[in-house]
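J.:
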Amino acid sequence: MASVVNAPPGEGVVAGPGPARSGWTSRAAHIIVIVALLAVPLVSTPQWQAIAVFAAVSAIAALGLHVLTGLAGQVSLGHSAFVAAGGYTAIWLGADKGLPIWVWLPTAGLVSAAVGLLVVPFAARLRGLYLAVVTLAVLFVAEYLWDLWDGVTGGSKGRAAQPVVLFGHDLLDDVIAGPFMLTGDQQFFYLACAVLAVAAIAARNLSRTRTGRGFAAIRDRDLTAGVVGVPVARMKSAAFAVAAGYAGIAGALLVSYQTYAIPDQWDLMLSVEYLAMIIIGGVGSLRGAIAGAVFVTAIPQVVTLIAKVVPGISTTPSAGGGVSVDVLANCLYGLAVVAVLVFEPRGVAGISERVVAAVRRKGRSHA
Amino acid sequence: MDNFLQLTFQGMALGCVYALIGLGFVMVFKSSGVFNFAHPVFVMISAYIVAALVPHGFGWGVLVALVCMAALAIVCEKIILRRLAGRSLYVVIMATLGLSVMGQAVVAMAWGVNPRGSTEGPMGRGVLRVGGVALPWTGVWIITVSLVLLAVLYLFFQRTRYGLALRAAADHHEAALAQGINMRWVQTISWGIAGVLAVAAGVFLGAFPRRVSPDMVDTALGALPALVIGGFGSLAGAVVGGMSVGLLLVLGSGYLAEYGGVHVVLPYVAMLLVLTLRPSGLFGHHEAERI
Chain B
19 MASVVNAPPG EGVVAGPGPA RSGWTSRAAH IIVIVALLAV PLVSTPQWQA
69 IAVFAAVSAI AALGLHVLTG LAGQVSLGHS AFVAAGGYTA IWLGADKGLP
119 IWVWLPTAGL VSAAVGLLVV PFAARLRGLY LAVVTLAVLF VAEYLWDLWD
169 GVTGGSKGRA AQPVVLFGHD LLDDVIAGPF MLTGDQQFFY LACAVLAVAA
219 IAARNLSRTR TGRGFAAIRD RDLTAGVVGV PVARMKSAAF AVAAGYAGIA
269 GALLVSYQTY AIPDQWDLML SVEYLAMIII GGVGSLRGAI AGAVFVTAIP
319 QVVTLIAKVV PGISTTPSAG GGVSVDVLAN CLYGLAVVAV LVFEPRGVAG
369 ISERVVAAVR RKGRSHA
Chain R
4 MDNFLQLTFQ GMALGCVYAL IGLGFVMVFK SSGVFNFAHP VFVMISAYIV
54 AALVPHGFGW GVLVALVCMA ALAIVCEKII LRRLAGRSLY VVIMATLGLS
104 VMGQAVVAMA WGVNPRGSTE GPMGRGVLRV GGVALPWTGV WIITVSLVLL
154 AVLYLFFQRT RYGLALRAAA DHHEAALAQG INMRWVQTIS WGIAGVLAVA
204 AGVFLGAFPR RVSPDMVDTA LGALPALVIG GFGSLAGAVV GGMSVGLLLV
254 LGSGYLAEYG GVHVVLPYVA MLLVLTLRPS GLFGHHEAER I
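From first to last, the protein sequence lines are chains B and R. Position one of the first sequence corresponds to residue 19 (our numbering), numbered consecutively onward. Position one of the second sequence corresponds to residue 4 (our numbering), numbered consecutively onward.
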């Protein structure tokens, strides 16, 4: 047990002669990493391009849960209902009314946020588990409504969604300029990333406002927050509205990228997937939410690659049983959620922090 | 009128199943503070095990399922959920949802997503005629066995030392520890009982709509509104809540068929109503909390 002695935790050994990282180099490093990540879809296969788009869109929805769960400490099992609300608003405005993206994208967020305010009468009276069960009820009622309301949703068969048209150009059409080609997926990826960037900056800034501090207070102990004057019910409702707004914008982009929407896709499983994203990324970490979205979205594709090497995994879903890619991917992400919660509650964010700290310690000991 | 009586009977049978599922949630919640979102999957897995073993004998199937599910529940508690004690609400919810996702995936690997045969076994498909009302034998069996199980549970809690220990542990964790009650043992027992209740519910749920399928998870989740309507934590609450949900589902599907699948959401709507009027459920009581 001697190893306990020579392993001082974390920041206790900063006094070494290693060069302190200035704000400038750290920012430059960040920019390089971000540019490198943004360039990935330019050189990847179509499958990975699609994954990149789905990851970026899901990350927007995951940011909503980041605000709700990570900042305000509330649990929502109904997130996919709000994604659907935004998606159907966008379909109604974009496809049925023929309005441009400048209208349907923000409106999708606003309408979904308004739907999110439906939990207000419950947020004031209920806490914790009861509130989580209410969000579950919202999900099931919404699922029923999507099936029934076929004027907008196309009923159980689903319907086509609106295209994204920017300056008269359908974003999913390939652009060819001389030797260069930008596929529809790549263009959509950059649009989604632009929206994601705005969403992420807004979420970060929100956490530093009075409202954000209020969220933190009710997360840490809602009774205490109420005693020191934080309007608990209003804060909870605001958190739900913001989360639903993010979900709505993600939903609008999602249906337009899919080019269709079916009521069956907005189920509990989708909600659990969004929750899994913020858990795997690390609850309370904004970058973690985005990393978690990439992780969860990429699992099926990674399993497909594994299936090429490992025998016994069928690549087509089978109704009769057996190990197939989609089922194995589900199993893996369930396992990832449980493993993260048990072994590293801070998720990918926590793991990367540990790695960075370890690398720095090593660098110092060599210097 | 006959139709109404028949539907009411079926609703009560389904209500008994929901009461059993709800009790599975409550057992675990009271003893370890974990709200086990994987319980519906336990119910589904036990139904699949019994359905797979029915050709070899119904009794064997139930026996194997009982052993497997009690073991599975205890293993989940010992390996995963014990380590999460005292953490935030979302941690426990997500851990059990993660288990649920894994469980559904494993079932899909083992048995596929197509519906399987039913688990009725010796309960048979016949009907018992009382006047003009046809009561399916499965329903009669479900109500009888559920009532017996509930009575046994009640006696266990009220009349035995072990039941007393479990009640004390649920009432006040630290006071129970100070009395020398072994909390690990208490939790193992409660998770084991929850596993056993899951088997009973699985067999009945697989026999009553005569279908064992992955949809059972969503069906079993209907015990959640039942619990909220009744209020967490009391046996009477679970039974009353389960009965209301069973009746709502069956009467709703009988009389509101023209509105699509509205009966599926009726329990949730009822739950929202109860929560607006009585936030801690019909039988729950509001607890003051120390800051």
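Where a beta carbon is used, it is the ideal one built from N, C-alpha and C, also for glycine. The model shown is predicted, which means the values in this text are computed figures rather than measured ones.
In chain order, what residues of the same chain have a beta carbon less than 8 Å from the beta carbon of G242(B), not counting five sequence neighbours either side?
T.: Looking at the sequence shown, residue 242(B) is not Gly but Thr. Result list for T242(B): A235, in chain order.
J.: What residue from T227(B), V75(B), A212(B) has the CA that sits closest to V53(B)'s CA?
T.: A212(B)
J.: At a Cβ threshold of 8 Å, is L278(R) touching chain B?
T.: Interface residue, yes.
J.: Below 8 Å between beta carbons: does that hold for T277(B) and I69(B)?
T.: no
J.: Counting along the chain, where does the alpha helix (DSSP H) carrying A119(R) start and finish?
T.: Reading the sequence as shown, one finds Arg at residue 119(R) and not Ala. It is not in any alpha helix (DSSP H) - R119(R) carries neither H nor E in the DSSP assignment.
J.: Quick one: what's got a C-beta closer than 8 Å to S149(R)'s C-beta in the same chain, skipping five residues either side?
T.: If we look at S149(R) and ignore the five residues flanking it on each side, its Cβ neighbours are C19, V20, A22, L23, A203, F207.
J.: To the nearest angstrom, how far is the alpha carbon of T279(R) from that of S76(B)?
T.: 33 Å
J.: So the beta strand (DSSP E) L131(R) belongs to, where does it begin and stop?
T.: 130-133
J.: Taking 8 Å as the threshold (C-beta atoms), are V104(R) and Y351(B) in contact?
T.: Yes; because the gap between Cβ atoms is below 8 Å, this pair is in contact.
J.: Under the rule that 16 or more other beta-carbon atoms within 10 Å means buried, what is P125(R), buried or exposed?
T.: By the neighbour-count criterion, in which a residue is buried when 16 or more other Cβ atoms sit within 10 angstroms of its Cβ, P125(R) is exposed.
J.: Measure the beta-carbon distance from I78(B) to A268(B) and round it to whole angstroms, keeping in mind my assumption that it falls under 8 Å.
T.: 4 Å
J.: Taking 8 Å as the CB-CB cut-off, is L87(R) touching chain B?
T.: It does; some Cβ of chain B falls within 8 Å.
J.: Locate the alpha helix (DSSP H) running through F198(B), then write down its first and last residues.
T.: Run containing F198(B): none in the alpha helix (DSSP H); it sits in the beta strand (DSSP E), 198-200.
J.: Listed from N- to C-terminal order along the chain, which residues in the segment 129-156 of chain B have their beta-carbon within a distance smaller than 8 Å of any beta-carbon of chain R?
T.: P139, F140, R143, L144, G146, L147, Y148, A150, V151, V152, L154, A155
J.: Mind checking the segment 251-265 of chain R against chain B and listing, in chain order, the residues whose C-beta falls within less than 7 Å of any C-beta there?
T.: For the segment 251-265 of chain R, the set of residues with a beta-carbon nearer than 7 Å to any beta-carbon of chain B comprises G263, G264, V265, in chain order.
J.: In terms of residue numbering, what span does the alpha helix (DSSP H) encompassing A102(B) cover?
T.: 97-109
J.: Closer than 6 Å by C-beta to L117(B): which residues in its own chain qualify, once you throw out the five before and the five after it? Chain order, please.
T.: Taken in chain order, the residues that qualify are L111.
J.: Of all the CB atoms in chain B, is at least one closer than 8 Å to the CB of S91(R)?
T.: yes
J.: For the candidate residues V220(R), G255(R), G225(R), whose alpha-carbon lies nearest to that of M287(B)?
T.: Nearest of V220(R), G255(R), G225(R) to M287(B), Cα basis: V220(R).
J.: Could you check how far apart the C-beta atoms of L189(B) and G169(B) are, in whole angstroms? I think they sit under 8 Å.
T.: Not a contact, Cβ separation roughly 27 Å.
J.: Could you tell me whether the Cβ of V343(B) comes closer than 8 Å to any Cβ of chain R?
T.: no
J.: Whose CA, out of R213(R), G257(R), P270(R), lies closest to the CA of L248(R)?
T.: Leu is not the amino acid found at residue 248(R); the sequence shown has Val there. In terms of CA proximity to V248(R), P270(R) leads the group R213(R), G257(R), P270(R).
J.: Can you tell which of Q9(R), T11(R), F32(R), M246(R) has its C-alpha closest to the C-alpha of F235(R)?
T.: F32(R)
J.: Indicate whether at least one CB of chain R lies closer than 8 Å to the CB of Y106(B).
T.: no
J.: Report yes if the CB atom of V53(R) is closer than 8 Å to the CB atom of G209(R), and no otherwise.
T.: Yes, the Cβ-Cβ distance between V53(R) and G209(R) is below 8 Å.
J.: Please name the residues in the segment 49-63 of chain R whose beta-carbon is closer than 8 Å to at least one beta-carbon of chain B, in chain order.
T.: none
J.: R177(B) to I308(B), Cα distance in whole Å?
T.: 29 Å
J.: Cβ closer than 7 Å: which chain R residues qualify as neighbours of G340(B)?
T.: Ordered by position in chain R, the residues that pass the 7 Å Cβ test against G340(B) are M112.
J.: In the DSSP assignment, what residue or residues form a beta bridge with L138(R)?
T.: Its beta-bridge partners are L131(R).
J.: From G365(B) to A41(R), what distance separates their C-alpha atoms?
T.: The straight-line gap from Cα to Cα measures roughly 22 Å.
J.: How is H187(B) classed by DSSP in three states: helix, strand or coil?
T.: strand
J.: With which residues is Y278(B) paired in a DSSP beta bridge?
T.: Residue pairing by DSSP places Y278(B) opposite A178(B) in a beta bridge.
J.: With 8 Å as the C-beta to C-beta threshold (strictly closer), list the residues of the segment 285-306 of chain B near chain R in chain order.
T.: Near chain R, meaning a CB-to-CB distance below 8 Å, the residues of the segment 285-306 of chain B are L286, M287, V290, L293, A294, I297, V301.
J.: Which residues in chain R sit within 8 Å of F158(B), going by Cβ to Cβ distance?
T.: Near F158(B) (Cβ distances below 8 Å), the residues of chain R are V267, V268, Y271.
J.: For P281(B) versus T171(B), is the C-beta distance shorter than 8 Å?
T.: yes
J.: Check this for me: beta carbons of L157(B) and S289(B), under 8 Å apart or not?
T.: yes
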